[in-house]
Every structure is written in structure tokens, then in C-alpha cells.
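Peer 1:
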Amino acid sequence: MIDIQLTERQEKIIDIVKANQPITSENIAKKLQLTRATLRPDLAILTMSGILDARPKVGYIYTGKSTFNLISEKIRSIKVADRKSVPIIVDEGTSIYDSIVTMFLEDTSTIFVTSKGYLSGVVSRKDFLKNAIGGLNLNRTPIAVIMTRMPNIIVTYPEESILDAAIKLIEHEIDSLPVVKEEILSNGEKAYKLIGRITKTTITRLFVELGNNE
């Protein structure tokens, strides 16, 4: 992870390059009244982080990327596949009661439902609470009765960026996204193989890591 805490001298180097680009390391050193050897570590950090670009026989130029831009690029480069966790799954025929037990044992806010190995529904804590109050027989009623069904489920794909997944969580005001791979069945219908999940906790943990430069 790129260290966004620049030193005062590194900030001065950036200002010099902005005002005089392209400029050689020798001329930067002269303006700061320092030796090239002294500046070498600073220039290495600034070029490796992408803030400056070193062009042979030309000099240094400012890329226009702020430290905020660099963090944004880092987030966009992280794929859902890199951060997905194991989903909590029950079959469509599982009773509501058993599904509630699974939710609490696994300490999750969302349960994904499958049928014949493919994603068919999703149930949240709110769904359980609403139907428990509604008087359903929790032991005899299958989870399929209360779940949100496809195609009304918001999904994410392993090749999407983690930023895209975070935007979906916010826009749809949900706690979790199923990570899926599309498959075409023998009858020509589209189905979704459930391979993971992305949650609000996933996103929070990522930002903590970025904040700690991990």
C-alpha cells in the first residue's frame, strides 16, 4: 500500500516539479540546495507512488495524481474475488426456524438460499422478524415462502471492483451481496452459481487496512 504521509521535503519537490517540469534531479537538488544523493530516496518514493514520473534524458514531471487519487486507484484495483468471504447458505426446503438458528449460529445478517446448487433467494434479519410477528408456523414453513427471489436480488461478480460492490450496497441499502458466476443451463436459462459474499463488514475492514497502510 502507498504511504500517503509525505514529508515536507517531498511536498517541496512536488511543488518544484509542478512549476518547472520537466526538470532533472540535478536542478531539483540545486533549487533545494541539497545534493542529488540526498534527494534520491525522496524521488524514488514519489516515482514509485505514481505522483511523479521519471523520463530518461528528460527529467521529472508531475502526473497530476494526488494522494487521494492514488487511494482511489488502489480501491478500484481491488477485485471482489480478492475480498469475498464464504456465504451462509440454506436450501429452499429448509424451515424458517432452522434458517433463523443458522443465522444466529453463524452470526450473519443475511442468508442466501439455493435450489439445485444455484442462487434462488436471499433473506435478511428484517424478513425473519416481519414474518415471525406475522404469525407463520416457523417450523413448518419453508424459507422459500419468505425469501426475496431472483431476479430481484442484487448481485456482484468476482471481476467487479470492490468499489462497485460498495456502491451497490449503499444504493440498494442492503447489508450483503452474493458473489456469483453466471451459467447457462441446458434449457437455455441463465442461473447463478453462488461463490461468495461481500458485506458491509468487508468494506469497513478494507478501509481500516487502507487507513493503516497495510
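Residues in the sequence shown are numbered consecutively from 8, following this note's numbering. For each residue, glycine too, the CB sits at the ideal point set by N, CA and C. These numbers come from a predicted model, not from an experiment.
1. Might you give, ordered along the chain, the residues of its own chain that have their beta carbon closer than 8 Å to the beta carbon of Val222, omitting 5 neighbours on each side?
2. Please go through the stretch 54–104 and give each complete alpha helix (DSSP H) segment of 4 or more residues, from N-terminal end onward.
3. Is Arg204 helix, strand or coil by DSSP?
4. What residues are listed by DSSP as bridge partners for Lys188?
5. Ile174 to Glu180, Cα distance in whole Å?
6. Are Ile68 and Val24 touching if we call contact CB-CB under 8 Å?
7. Given 8 Å as the limit, is there contact between the stretch 98–109 and the stretch 138–145, that is, 3 or more CB pairs closer than that?
8. Which residue's Cα is closest to the Cα of Gln17: Gln28, Asn27, Thr54, Arg156?
9. I'd like to know whether the C-beta atoms of Met110 and Arg132 end up nearer to each other than 8 Å.
10. Classify Phe135 as buried or exposed, calling it buried when 16 or more other Cβ atoms lie within 10 Å of its own Cβ.
Peer 2: In terms of the structure at hand:
1. What the structure shows of the chain is the stretch from 8 to 221, and residue 222 is not part of that stretch, so it cannot be assessed.
2. Within the stretch 54–104, the runs of alpha helix (DSSP H) at least 4 residues long that lie entirely inside it are, in chain order, 74–84, 87–90.
3. Here residue 204 corresponds to residue number 197 of the sequence shown, with the count starting at 1. Note: Arg204 maps to strand in three-state DSSP.
4. If you number the sequence shown from 1, residue 188 lands on position 181. Under DSSP, the beta-bridge partners assigned to Lys188 are Lys200.
5. What you label residue 174 is simply residue 167 of the sequence shown in a count that begins at 1. What you label residue 180 is simply residue 173 of the sequence shown in a count that begins at 1. Cα to Cα, Ile174 sits roughly 10 Å from Glu180.
6. Mapped onto the sequence shown, residue 68 falls at position 61. Mapped onto the sequence shown, residue 24 falls at position 17. Taking 8 Å as the Cβ cut-off, Ile68 and Val24 qualify as a contacting pair.
7. Proximity of the stretch 98–109 to the stretch 138–145 meets the contact definition, three or more beta-carbon pairs being nearer than 8 Å.
8. Walking along the sequence shown from the start, residue 17 turns up at place 10. Comparing Cα-Cα distances from Gln17 to each of Gln28, Asn27, Thr54, Arg156, the minimum goes to Thr54.
9. For the purposes of this step, residue 110 is taken as residue 103 along the sequence shown, with counting starting at 1. For the purposes of this step, residue 132 is taken as residue 125 along the sequence shown, with counting starting at 1. In this structure, Met110 sits near Arg132, with a CB-CB distance shorter than 8 Å.
10. If you number the sequence shown from 1, residue 135 lands on position 128. The residue in question, Phe135, is buried, as its Cβ has 16 or more Cβ neighbours within 10 Å.
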